[in-house]
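Visitor: So that we are looking at the same thing, I have put the structure below in structure tokens.
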Amino acid sequence: MALATCAYTSAQTKAGPVDPGVRGGVAGAGDPLKGLTADEAAFFQDGMTRFAQVEAVSKGANNGLGPRFNSNQCLSCHAQPTAGGSSPSQNPLLAVATLNGAKNTVPWFITQNGPVREARFKRSPSGASDGEVHDDFVITGRTDAPGCTIAQPDFLPAGDPLTGQHGNRNIIFRIPTPLFGAGLIESIPDSAILANLASDATTKSSLGISGHANAHLSGNVNLSANDGTITRFGWKAQNKSLLMFAGEAYNVEMGISNQLFPQERDETPGCRFIATPEDTLNFTTAPPTTGSPTTGNSNTAVLSDIEAFANFMRMLAPPTPAPATPSSEKGRNTFGQIGCAQCHTPSFTTGTMIASGSSKVPSAALSNQTANLFSDLLVHHMGEGLADGITQGGAGPDEFRTAPLWGVGQRVFFLNDGRTTNLVDAIRAHQSRGSEANKVIERFNKLSTQEQQEIIDFLRSL
């Protein structure tokens, strides 16, 4: 019977393409952009250092964590294959849950070999629309949070994340997005995104592809960008800028308030140990955040953490792809021929961009550069199979930003909720009722196994 099982498995493997898994070798990512000035490089290094800092509730060098939080460090969620990446293969949140005596129960959806996940509820107990992040952990029991007693959310099991069967279907998940090349993405002019949207309209229409920018739309105010500009960061392209992205993540993921997001995640008396937003403390003390002001520091010292995070992301280089092979080159061509590149636009050219807070001169490293991101930065209907039921700005319940594919060769988890580690499954999950990708996936399914494999090899080369 064992031999028969092995033979059956082997036959199954030969019947379709195989995802070889995370590309080996050097990370190919994590470096600063080429051509940074000395000043820009200093801001990048300062931001990278703070990106790796571990936050405490109180009594530490970096205070303000909680009262509700998902992790205590940016790097813990953005670590694959290096700083600035996506969810690592070994989940760091299990250790965070009970650090410093915390009394948290690890939620069922946080597993040793599973992705870092944030949880959102579609609706509140009253039945009203929710959609907000509900943090995994609280500071109750921690030695640096004496006297605080608050409870974790009740994360009822959601069932199979692939089928949505069984369990509580009110809960949805998102995993961290990689940050490589984010400054180049921020530097792409709105006009270029809109011109690309209007291009090749006949082909897109024949494939059922439409898409639109997540911007300030009549009757549907995007609170992240109500000035009419195109938002482009996050799973639903819900954040306008890297500073906004950093400020929201610092508050939502770690519970640390700042001037963009000054409210605590929980106002329970006895649980607010650092009531002043982090950037206010920073400007009045110039690190460290406690004690007497430090004088004679470089100009990076007066930056808030969220400005430093934004600088790190802005000057973080895109991933370096692997050398092309005959298979990956054929896959690249087929990727375009069947229509994948209609949404996963291979490249844009950036406009002019200033890199750091100490300069008024456009950065040569960011300005007029080619960004090979493989995304149109638009949101598209992805159908009921991927829908999360949440609206953010102009992105509706089943709409998501076209995920940039640079660096996908070294990613472990795929799709908005991290439901699979297999690129073939991720591709086929694009097909469901109402998805703009249906006709393209039909074309993919009609390819020979060799042609499908060449596309997988191309993607794993990125």
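At the far end of the sequence shown sits residue 462, using the working numbering, and the numbering has no gaps. Cβ atoms here follow ideal geometry from the backbone N, Cα and C, with glycine treated the same way. Only a predicted model underlies this, so the values are computations on that prediction, with no experimental measurement involved.
Tell me, please, which residues DSSP counts as bridged to residue 392.
Guide: Answer is 395.
Visitor: Going by Cα to Cα distance, which pick from 362, 439, 408 is closest to residue 35?
Guide: The shortest C-alpha separation from residue 35 is found at 362.
Visitor: Straight-line CA distance for residue 140 to residue 415?
Guide: Looking at the two C-alpha atoms, the distance is approximately 33 Å.
Visitor: Quick check on the burial criterion: 16 or more other C-beta atoms within 10 angstroms. Buried or exposed for residue 433?
Guide: It counts as exposed.
Visitor: Between the segment 145-158 and the segment 405-412, do at least 3 Cβ pairs fall closer than 8 Å?
Guide: In short, these stretches do not touch, since the Cβ pair count stays below three.
Visitor: Determine the DSSP secondary structure at residue 214, reduced to helix, strand or coil.
Guide: If DSSP states are grouped into helix, strand and coil, residue 214 belongs with the strands.
Visitor: Over the uninterrupted alpha helix (DSSP H) stretch that includes residue 132, give me the two end residues.
Guide: It is not in any alpha helix (DSSP H) - residue 132 carries neither H nor E in the DSSP assignment.
Visitor: Would you be able to state if there are at least three C-beta pairs under 8 Å between the segment 181-193 and the segment 340-359?
Guide: Output reads yes: the segment 181-193 touches the segment 340-359.
Visitor: How do the segment 299-318 and the segment 422-433 stand: do at least 3 beta-carbon pairs fall below 8 Å, yes or no?
Guide: Short answer: they don't touch.
Visitor: On a CA-only basis, which of 22, 428, 57, 43 is nearest residue 270? Give me that one, please.
Guide: Nearest option by C-alpha distance: 57.
Visitor: For residue 303 versus residue 44, is the C-beta spacing smaller than 9 Å?
Guide: No.
Visitor: Assign residue 323 to buried or exposed, taking buried as 16 or more other Cβ atoms, counted over all protein chains shown, within 10 Å of its Cβ.
Guide: It is exposed - the Cβ of residue 323 has fewer than 16 other Cβ atoms within 10 Å.
Visitor: Tell me whether the beta-carbon of residue 19 lies closer than 9 Å to the beta-carbon of residue 441.
Guide: No, Cβ-Cβ distance for residue 19 and residue 441 is not below 9 Å.
Visitor: Roughly how many angstroms separate the alpha carbons of residue 75 and residue 388, rounded to a whole number?
Guide: Each residue's Cα considered, the two are about 26 Å apart.
Visitor: Any idea which residues DSSP pairs residue 382 with across the strands?
Guide: For residue 382, which the question treats as bridged, DSSP gives the partners 435.
Visitor: For residue 341 and residue 23, I'd like the C-alpha separation in whole angstroms.
Guide: Going by the C-alpha atoms only, they are around 22 Å apart.
Visitor: Considering just the uninterrupted stretch of the alpha helix (DSSP H) at residue 248, what are its terminal residues?
Guide: Element bounds for residue 248: 242-254.
Visitor: Pick helix, strand or coil for residue 371, following the three-state DSSP scheme.
Guide: In the structure shown, residue 371 sits in a strand (DSSP, three-state: E or B).
Visitor: Measuring CB to CB, does residue 381 end up less than 9 Å from residue 394?
Guide: Result no, Cβ atoms of residue 381 and residue 394 do not sit closer than 9 Å.
Visitor: Considering only their Cβ atoms, is the gap separating residue 230 from residue 377 smaller than 9 Å?
Guide: The answer is yes: Cβ separation under 9 Å.
Visitor: Between residue 199 and residue 332, what straight-line distance do the alpha-carbon atoms span, to the nearest angstrom?
Guide: Distance between the alpha carbons of residue 199 and residue 332: 20 Å.
Visitor: Where do the N-terminal and C-terminal ends of the beta strand (DSSP E) with residue 174 fall, by residue?
Guide: Its beta strand (DSSP E) spans residues 171-174.
Visitor: Can you tell me where the alpha helix (DSSP H) holding residue 314 begins and where it ends?
Guide: Segment 305-314, the alpha helix (DSSP H) holding residue 314.
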